[in-house]
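First comes the structure, then the notes that go with it.
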Amino acid sequence: MPLSPPVERSCLHNRTYDFQGYQRADGLWDIEGRIVDTKTYSFANEDRGEIAAGEALHDMSIRLTIDEDFKVCDIEAVTDSSPFTLCPAVTPNFKRMIGAEIKSGWRQQVRRELGGVEGCTHLVELLIAMATVAFQTLYPVRAAKASKRPPGQRPALLETCHAFATDSPIVKRSWPEFYTGED
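Position in the sequence shown (from 1) plus 312 gives the number in our numbering.
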């Protein structure tokens, strides 16, 4: 269901997130993300001069290379456009995430390593969101492993969202032995 019709309004700001997931020839996986902020009007910027309407205020990208176990093998962060010329200086700090695993606590680990003055708010938000893109990208691998799950072993997806609540019709259909709802 789409959003309800809005009252009359004027767009001032646009933020676009774009993500892709790739299977690499070497057996690893690349998750790429990009954030772009634009304004519908021109404005003065002390570091860049005038930023024209539609020109990127922020244009930042991350490539996250992971293995099948969601371990970070490499990461590259790039700031192509930012409001301040010093913003790109923090991109090397993102290498700190090499060796980390995308799992429960990912958000906290990213913030611990790259929060505050150690990172960039926009790149940190982008990196946090890339975790779900990684899970979606590696779904075929995870599904194949899950089909080999020993009988009685609880599926990792249970209780991770509304659809996978143990009393949901999805769990009843997919994993009836773990269903806790009413029949």
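We put the CB at the ideal spot given by N, CA and C, even for glycine.
Predicted, not measured: the structure shown is a model, and the values here were computed from it.
Problem set entry | Enclosing beta strand (DSSP E) for R408 [first to last residue] | Neither: R408 is in no beta strand (DSSP E) and is coded neither H nor E.
Exercise. Taking DSSP as the reference, what is the three-state secondary structure of F331?
Worked result: F331: strand per DSSP, three-state reduction.
Exercise. In whole angstroms, what separates the C-alpha of C385 from that of Q335?
Worked result: Cα to Cα, the separation comes out at about 14 Å.
Exercise. If we count Cβ pairs, one from each stretch, closer than 8 Å, do we get three or more for the region 391-400 versus the region 409-424?
Worked result: Contact fails: fewer than three Cβ-Cβ distances are below 8 Å.
For this session: Decide if F355 is buried, meaning its Cβ has at least 16 other Cβ atoms within 10 Å, or exposed.
Result: Looking at its Cβ environment, which holds fewer than 16 other Cβ atoms inside 10 Å, F355 is exposed.
Exercise. Taking C-beta to C-beta, are I387 and M409 nearer than 7 Å?
Worked result: Between I387 and M409, the gap from beta carbon to beta carbon is short of 7 Å.
For this session: Compare the Cα-Cα distances from D330 to each of G427, M372, A456 and report the closest residue.
Result: Closest option to D330, judged by alpha-carbon separation, among G427, M372, A456: M372.
Exercise. So is H474 buried or exposed if we call it buried at 16+ other beta carbons inside 10 Å?
Worked result: H474 is exposed by the Cβ-count criterion.
Exercise. Which term fits A446, buried or exposed, when burial requires 16 or more other beta carbons within 10 angstroms of its beta carbon?
Worked result: By the Cβ-count criterion, A446 is buried, with 16 or more other Cβ atoms from all chains shown falling within 10 Å of its own Cβ.
Exercise. Starting from W487 and walking both ways along the beta strand (DSSP E), at which residues does that stretch end?
Worked result: That residue, W487, is in no beta strand (DSSP E); it is neither H nor E in DSSP.
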